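One structure is given here, and the rest of the page talks about it.
In this note's numbering, the protein residues as written are 564 to 1089.
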């Protein structure tokens, strides 16, 4: 009897110590979860990463699921004790689940191990997405659009802020008591709901295709800008722009071995610091030449042939809608989402407009596709090295997101998968799966070599997927799901945004494709 009492007392003390340890681990994990979430939404397209399966990593911040002995019901058994305090990283939602009651509801309070983020932290994520390195192409948009380009920077901010809000409204429906209840979790869920019941999966496929295109194009843009900047930084070296792109891609090949975003998240702070240094150096140089600003060069007319490309550039710099559903669902106070969207887009509008105008006034008609190429050789080399570092550190984020979408859609979708699972029974990536990842890296290189035009690629992406995901689909979904509850002015706004977005998308796409085809033919002939 004494032995049994001592054994139970020992187990109780052990369980209590484990519980304390687990709570401290949960706090530390929560801290890193927030860091991981911000890393996942650090870049324009990354954000982008809001596909259903990848959302788990992003929304929960690569959460470590802590399995305590009390949850597993093994208070005194040896097997149960072996699981005390054990933590498992859930790459794709597999692994030991949380315990649940008989009706299937979890018995543990998930909010303790899956920390929410504040409105300020959510705003930081949105700011990272819409004020990334691609703002360096905005002065080139002013070159072809003049004051209308500045107006479009403001207009795009207003529209993207509005469509972000109505997209979140599509996640909710009223219950019997008239209370709003969140019934959907992602952009894909909204799209599928709009296409149901005839084509319940069609909308999700459309959104996934648009997402994959945007993510892959973002990767291509990073390779293009790396080769371009290194070539212009060291023009005297006997290395062509294509060779620099190949060197950059060689440094990016390890991305094919990524298994999760945990390693990638460490680069978030470095990317932010690099971007801050770049902006400060460019603006400081422009202000030093304020006496020579060419106000008379800012036009009231537009270049009809090239301005549609500028529209795509501006729209692409505001893309964040793809990850907003997961961001809002992860906020501790979702009621503050609208306020957060307002101040982030107002700040982005002011900073982008000032940056684009100041840079254009400094170089006027000599403004290049990437504004840092206009800097003097000494400053240019320093700024471009920071910019290349940011591009290389940012590449893994959209690359991993694209890989996740492709793997979940074609290789890991249960019985609906088109191909065998690319992961073995032990969770390791098969050799042919690794080959496909390497092929994706090589594909981004080939596109960067044969179409090495930053503005054209950015304009094409903004016109095709940016306008679709930010303008067309949110307004269409809002009309489809909530049209009975909308006021007349809301219907008018949605229809106007859909029509204007469609016109801009089509015109920008046509002009961008014409430029890309000409550039592709020229590079083939060479």
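C-beta: ideal position from N, C-alpha, C; glycine also. Quantities reported herein were computed from a predicted structural model and do not represent experimental measurements.
Checklist entry - For residue 735, which beta-bridge partners are listed by DSSP? => result To locate residue 735, count along the chain shown from 1; it is residue 172. Residue 735 is bridged to 745.
Next on the checklist: Quick check: is the beta carbon of residue 1041 nearer than 9 Å to any beta carbon in chain D?
Outcome noted: In the displayed structure, chain D is absent; only one protein chain is listed.
Next on the checklist: Quick check on the DSSP output: the alpha helix (DSSP H) that includes residue 907 runs from which residue to which?
Outcome noted: Taking the chain shown and counting its residues from 1, one reaches residue 907 at position 344. Start and end: 900-926.
Checklist entry - Taking the Cβ atom as the reference point for each residue, do residue 933 and residue 791 lie within a distance shorter than 9 Å? => result On the chain shown, residue 933 is found 370 positions in, with the first residue counted as 1. On the chain shown, residue 791 is found 228 positions in, with the first residue counted as 1. Taking 9 Å as the Cβ cut-off, residue 933 and residue 791 qualify as a contacting pair.
Checklist entry - Short check: CB of residue 812 to CB of residue 950, under 9 Å? => result As a working mapping, residue 812 is identified with position 249 in the chain shown. As a working mapping, residue 950 is identified with position 387 in the chain shown. Their beta carbons are not under 9 Å apart, which means residue 812 does not touch residue 950 by this criterion.
Item to check | Top-ranked residue by Cα proximity to residue 1005, from 697, 739, 819, 887 | outcome: Here residue 1005 corresponds to residue number 442 of the chain shown, with the count starting at 1. It is 819 whose Cα lies nearest to the Cα of residue 1005.
Checklist entry - Where do the ends of the alpha helix (DSSP H) carrying residue 1016 lie? => result Position 453 of the chain shown, counted from the first residue, corresponds to residue 1016. Neither: residue 1016 is in no alpha helix (DSSP H) and is coded neither H nor E.
Next on the checklist: Using a 10 Å radius around the Cβ and a threshold of 16 neighbouring Cβ atoms, would you call residue 943 buried or exposed?
Outcome noted: The residue given as residue 943 occupies position 380 in the chain shown. The residue in question, residue 943, is buried, as its Cβ has 16 or more Cβ neighbours within 10 Å.
Checklist entry - Secondary structure at residue 707, three-state DSSP: helix, strand or coil? => result Start at 1 with the first residue of the chain shown, and residue 707 comes out as number 144. Three-state result, residue 707: helix.
Checklist entry - Which of the three DSSP states, helix, strand or coil, is assigned to residue 1010? => result Mapped onto the chain shown, residue 1010 falls at position 447. Three-state result, residue 1010: helix.
Checklist entry - Of the residues 769, 743, 744, 742, which one's Cα is nearest the Cα of residue 755? => result Along the chain shown, read from residue 1 onward, the residue named residue 755 stands at position 192. Considering only alpha carbons, the answer is 769.
Next on the checklist: Using the three-state DSSP reduction, which class does residue 894 fall into: helix, strand or coil?
Outcome noted: The residue given as residue 894 occupies position 331 in the chain shown. Looking at residue 894 - three-state DSSP - the assignment turns out to be strand.
Next on the checklist: Using C-beta distances below 6 Å, list every residue in its chain close to residue 747, excluding the 5 sequence neighbours before and after it, in chain order.
Outcome noted: For the purposes of this step, residue 747 is taken as residue 184 along the chain shown, with counting starting at 1. Contacts found: 734, 753.
Item to check | Where residue 865 falls: helix, strand or coil (DSSP) | outcome: Residue 865 sits at position 302 when you count from the first residue of the chain shown. Three-state DSSP puts residue 865 in coil, outside helix and strand.
Item to check | Own chain partners of residue 690 with C-beta closer than 6 Å, once the 5 adjacent residues on each side are dropped | outcome: Translated into the one-based positions of the chain shown, residue 690 becomes position 127. Within the same chain, residue 690 has close Cβ partners 907.
Checklist entry - With residue 947 and residue 1068 assumed to form a contact (beta carbons below 8 Å), what rounded beta-carbon distance in angstroms separates them? => result Working through the chain shown from its first residue, we reach residue 947 at position 384. Working through the chain shown from its first residue, we reach residue 1068 at position 505. 32 Å between Cβ atoms; not a contact.
Item to check | Distance between beta carbons of residue 1032 and residue 773, contact taken as under 8 Å | outcome: On the chain shown, residue 773 is found 210 positions in, with the first residue counted as 1. On the chain shown, residue 1032 is found 469 positions in, with the first residue counted as 1. Rounded, the Cβ-Cβ distance is 6 Å, consistent with contact.
Checklist entry - From residue 1053 to residue 914, what distance separates their C-alpha atoms? => result Within the chain shown, the letter at position 490 stands for residue 1053. Within the chain shown, the letter at position 351 stands for residue 914. So the alpha carbons of these two residues sit roughly 28 Å apart.
Item to check | Residues near residue 857 in its chain [Cβ-Cβ closer than 7 Å; skip 5 each side] | outcome: The residue labelled residue 857 in the question sits at position 294 within the chain shown. Taken in chain order, the residues that qualify are 924, 927.
Checklist entry - Between which two residues does the alpha helix (DSSP H) carrying residue 750 extend? => result Here the question's residue 750 lines up with position 187 in the chain shown. 750-758 is the span of the alpha helix (DSSP H), which, as asked, contains residue 750.
Checklist entry - Assuming residue 685 contacts residue 911 under a Cβ cut-off of 8 Å, what Cβ separation, rounded to an integer in Å, is found between them? => result The sequence position of residue 685 within the chain shown is 122, counting from 1. The sequence position of residue 911 within the chain shown is 348, counting from 1. Residue 685 to residue 911, Cβ: 14 Å. No contact.
Item to check | Extent of the continuous alpha helix (DSSP H) to which residue 691 belongs | outcome: Residue numbering aside, residue 691 sits at position 128 when the chain shown is read from its first letter. Residue 691 -> alpha helix (DSSP H) spans 682-693.
Item to check | Proximity below 9 Å, CB of residue 834 to CB of residue 997 | outcome: Numbered from 1 along the chain shown, position 271 holds the residue referred to as residue 834. Numbered from 1 along the chain shown, position 434 holds the residue referred to as residue 997. No, the Cβ-Cβ distance between residue 834 and residue 997 is not below 9 Å.
Checklist entry - Taking the alpha-carbon positions, what's the residue 1093 to residue 1056 distance? => result Lying before the first or after the last residue shown, residue 1093 is absent from the chain, which here runs from 564 to 1089.
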